[in-house]
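2 protein chains.
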Amino acid sequence: MPTWEETLSQAGCRITEPRRAVMTVLAQAERSLVPQEIFALGIKLHATLSLVTVYRTLELFEELSLVRRVHQDDKCHGYLLTAAGHRHVLVCEGCGRAVEFPGQDDLVALIARVEECTGYQVEAHLLQLVGVCPHCQ
Amino acid sequence: MPTWEETLSQAGCRITEPRRAVMTVLAQAERSLVPQEIFALGIKLHATLSLVTVYRTLELFEELSLVRRVHQDDKCHGYLLTAAGHRHVLVCEGCGRAVEFPGQDDLVALIARVEECTGYQVEAHLLQLVGVCPHCQ
DNA sequence: TCCCTTATTGCAACTTATTTGCAATAATTA
DNA sequence: TAATTATTGCAAATAAGTTGCAATAAGGGA
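Protein chains in written order, with this note's numbering: chain A, 1 to 137; chain B, 1 to 137.
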């Protein structure tokens with residue numbers, strides 16, 4: 001598994017201080033963060049960081065699958081570092097802390113059935129769980 | 001199953017032209033619509049409809065579970081009329097057409113397993129499928 | 001049916017979120 | 001180290017959603 005720096009280089013992108021700051025913030029976060037939050041934390045690491053750059057960096061990172069967006073009922077668009085092999089997220093409604101879990105298999109049967117019933121061809125799925133984490137219980 | 005008018009009345013809310021327009025638009029839509037779209041269609045039914053009212057109406061309808069929000073990769077917050085008993089949506093990435101499907105059972109096992117692994121208490125889930133509908137294939 | 005109460009509406013202004021153009025800056029490659 | 005060009009940050013524009021408030025209209029009761 002390549003490092004994020006390698007992923008960036010291979011895509012012909014540069015490794016810069018702002019990007020490093022965003023990545024560090026996300027790596028240290030134990031919950032999903034919105035751009036504003038990433039900016040607020042990131043500026044401590046790179047004093048001239050701008051919010052615009054945070055947006056652009058997140059867009060790039062998402063294209064490269066380095067981060068993923070998580071959807072929440074109210075605020076869409078929290079960002080989370082992508083963990084290898086994991087595709088689903090469980091977000092705590094109390095503190096926003098997030099854990100990832102595998103769980104492809106359970107969906108395969110479901111998706112096959114839905115495809116048959118509806119005639120749709122299913123290309124992707126969005127599965128997120130919302131709950132209360134051990135800390136918040 | 002009560003009509004939406006009954007649901008509104010029982011909640012102490014009034015049945016107004018703007019609300020009727022929003023409901024009609026959603027009932028006739030075969031895909032999820034964003035507030036702007038609902039406004040554009042709704043103004044044909046009620047000439048003085050305003051976008052502000054659309055937002056407020058959608059908020060109310062969502063509280064009363066008359067409509068549901070659907071999330072999409074890019075644009076969050078499309079709205080869809082709630083069908084009874086159905087909790088999941090399959091959205092066509094071509095035209096936005098949406099169908100609903102049941103599918104609780106498959107998730108029960110998955111959720112139980114995730115709860116055990118993570119220590120989280122799962123309260124809700126967001127499952128949406130994205131695919132290509134028969135029309136668009 | 002008309003009146004009265006009060007929920008609802010629409011306007012205008014505001015806040016928040018996100019995007020874009022562009023000149024200055026800094027990362028890489030030779 | 002110099003040259004090339006991706007990237008940055010500013011400022012301004014755009015988009016999305018919210019709020020205060022006076023005017024309006026729904027619906028219960030006389």
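Glycine included, each C-beta is placed from N, C-alpha and C at the ideal position.
Residues that residue i bridges to, as DSSP identifies them
{"i": "A/E100", "result": "A/V89"}
{"i": "A/H125", "result": "B/L129"}
{"i": "B/Y79", "result": "B/L33 and B/R69"}
Heavy atom of the ligand ADP within 7 Å of residue i beta-carbon
{"i": "B/D106", "result": "Ligands displayed in this structure: none; no statement on the ligand ADP is therefore possible."}
Burial state of residue i (16 or more Cβ within 10 Å)
{"i": "A/I15", "result": "exposed"}
{"i": "B/V52", "result": "exposed"}
{"i": "A/M1", "result": "exposed"}
{"i": "A/A98", "result": "buried"}
{"i": "A/H88", "result": "buried"}
{"i": "A/H135", "result": "exposed"}
{"i": "B/G12", "result": "exposed"}
{"i": "A/H57", "result": "Before going on, a small fix: residue 57 of chain A reads as Thr here, not His. Buried, by the Cβ-count rule."}
{"i": "A/H77", "result": "exposed"}
Cβ-Cβ separation, residue j to residue i (assumed contact under 8 Å), whole Å
{"i": "A/L127", "j": "B/L127", "result": "5 Å"}
{"i": "B/Y79", "j": "B/L33", "result": "6 Å"}
{"i": "A/Y120", "j": "B/C92", "result": "7 Å"}
{"i": "B/A27", "j": "B/L64", "result": "Contact flag wrong, Cβ pair sits at about 15 Å."}
{"i": "B/V114", "j": "A/F101", "result": "5 Å"}
{"i": "B/H46", "j": "B/E17", "result": "5 Å"}
{"i": "B/E42", "j": "B/A21", "result": "Looking at the sequence provided, one finds Gly at residue 42 of chain B rather than Glu. Between B/A21 and B/G42 the Cβ distance is about 4 Å, and since that is below 8 Å, they are a contact."}
Minimum Cβ-Cβ distance from residue i to chain A less than 8 Å
{"i": "B/H46", "result": "no"}
{"i": "B/A29", "result": "no"}
{"i": "B/A83", "result": "no"}
{"i": "B/Y79", "result": "no"}
{"i": "B/Y55", "result": "no"}
{"i": "B/Q36", "result": "no"}
{"i": "B/F61", "result": "no"}
{"i": "B/E123", "result": "yes"}
{"i": "B/G12", "result": "no"}
{"i": "B/P2", "result": "no"}
Test: residue i CB closer than 8 Å to a CB of chain B
{"i": "A/L33", "result": "no"}
{"i": "A/L127", "result": "yes"}
{"i": "A/V52", "result": "no"}
{"i": "A/A112", "result": "no"}
{"i": "A/V67", "result": "no"}
{"i": "A/L58", "result": "no"}
{"i": "A/R90", "result": "The amino acid at residue 90 of chain A is misidentified as Arg; the sequence shows Leu. Closer than 8 Å to some Cβ of chain B, the Cβ of A/L90 qualifies, so yes."}
_At least 3 beta-carbon pairs within less than 8 Å: the region 60-70 of chain A vs the region 108-122 of chain A_ = Not touching, per the Cβ criterion.
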